[in-house]
Amino acid sequence: MAAARPCLGRVLPGSSILFLCDMQEKFRHHIAYFPQVISVAARMLKNTTLDLLDRGLQVHVVVDACSSRSQVDRLVALARMRQSGAFLCTSEGLILQLVGDAAHPRFKEIQKIIKEPAPDSGLLGLFQGQNPLFR
Numbered sequence: 088m089a090a091a092r093p094c095l096g097r098v099l100p101g102s103s104i105l106f107l108c109d110m111q112e113k114f115r116h117h118i119a120y121f122p123q124v125i126s127v128a129a130r131m132l133k134n135t136t137l138d139l140l141d142r143g144l145q146v147h148v149v150v151d152a153c154s155s156r157s158q159v160d161r162l163v164a165l166a167r168m169r170q171s172g173a174f175l176c177t178s179e180g181l182i183l184q185l186v187g188d189a190a191h192p193r194f195k196e197i198q199k200i201i202k203e204p205a206p207d208s209g210l211l212g213l214f215q216g217q218n219p220l221f222r
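Note that my numbering gives residue 178 to position 91 of the sequence shown, counting from 1, and the numbers run on in steps of one.
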């Protein structure tokens with residue numbers, strides 16, 4: 088009997104739903120109880136991810152669009168989602184996967200956006216073997 092083939096985790100235009108809970112750092116000083124808001128949003132993301140996985144859906148978590156009250160909480164939540172079967176990706180990777188290739192009519196416009204250097208998300212260590220949660 089052949090071994091089960093792992094799911095490739097492709098995101099396809101037309102069959103994908105993007106759920107975005109964007110809470111940018113620039114709003115931190117303007118939102119009362121910001122740490123509590125972030126904590127609740129992080130739990131919502133993790134629980135929604137686990138619920139969708141339980142229903143048999145593929146879930147892709149855009150790691151550089153997620154935050155938490157602390158970096159430890161963020162890393163543990165991402166590890167938990169990954170262990171449960173969610174695919175972790177970056178915003179740039181997801182955008183490029185949805186665009187497909189340079190033949191996309193808006194490729195040049197999108198390319199300009201993703202060429203802008205992104206701020207450090209603090210996640211690089213996840214993928215360099217420095218984090219025991221991701222070994």
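Cβ atoms here follow ideal geometry from the backbone N, Cα and C, with glycine treated the same way.
How many Å lie between residue i and residue j at the Cα?
i: S171; j: L137; result: 7 Å
i: T97; j: Q184; result: At residue 97 the sequence reads Arg, which differs from the Thr that was named. Taking the straight line joining both Cα atoms gives about 8 Å.
i: G209; j: M168; result: 18 Å
i: K202; j: V159; result: 29 Å
i: I197; j: S155; result: 28 Å
i: L175; j: V163; result: 13 Å
i: L139; j: K195; result: 34 Å
i: V149; j: I182; result: 10 Å
i: A173; j: P204; result: 26 Å
i: T135; j: A189; result: 33 Å
Going by DSSP, which residues form a beta bridge with residue i?
i: C176; result: V149
Using only CA atoms, which one of the options lies nearest to residue i?
i: L165; options: H147, Q198, D188; result: H147
i: M131; options: G180, Q145, R142, C153; result: C153
i: S178; options: R142, D141, D151; result: D151
The alpha helix (DSSP H) with residue i in it runs from where to where?
i: D160; result: 158-170
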